[in-house]
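Colleague: Before I ask anything, let me first share the structure, which is written out below as structure tokens.
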Amino acid sequence: MELVNIKDGYNFKIFPGKTLAVQSGVDGIFYCPFCYSQASETEIKCGACNKKFPEIIYYHGEDDTWIASGNEE
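In numbering that gives the first Met the number 0, the protein residues as written are 0 to 72.
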């Protein structure tokens, strides 16, 4: 598990086996949820930061954080 920072104007979108960042109101363009470099929904890891895309990103309300799970290699 790893902490993820969500940028203003972005949300997370779940795909089969991975979660990517998407810009609000923009369809079809996906971003790495860690470094926000543009990514493809067919890739398994980011070409810029080399991190594996997480299976799920969830909000942890107790400490107001987003947590990526399932990206361990």
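Note that the Cβ used here is the ideal one computed from N, Cα and C, for glycine as well.
Is it buried or exposed for L2, if we count other Cβ within 10 angstroms and need 16 for buried?
Modeller: Exposed: under 16 other Cβ atoms inside 10 Å.
Colleague: Tell me whether the beta-carbon of S68 lies closer than 9 Å to the beta-carbon of Y57.
Modeller: Cβ atoms of S68 and Y57: closer than 9 Å.
Colleague: DSSP puts F11 in a beta bridge; with which residues?
Modeller: Looking at the DSSP assignment, F11 forms a beta bridge with A20.
Colleague: Using CA atoms only, rank isn't needed, just tell me which of D63, S36 and F14 is closest to N49.
Modeller: Out of D63, S36 and F14, S36 has the C-alpha closest to the C-alpha of N49.
Colleague: By alpha-carbon positions, which one of G27, V21, D26 and T41 ends up nearest to C34?
Modeller: The shortest C-alpha separation from C34 is found at V21.
Colleague: Which ranges does the beta strand (DSSP E) cover as unbroken runs of at least 3 residues, wholly within the segment 25-67, from first to last along the chain?
Modeller: DSSP runs (the beta strand (DSSP E)) wholly in the segment 25-67: 55-59.
Colleague: Using CA atoms only, rank isn't needed, just tell me which of G46, E42, Y9 and C45 is closest to V25.
Modeller: Measuring from the Cα of V25, the nearest candidate turns out to be Y9.
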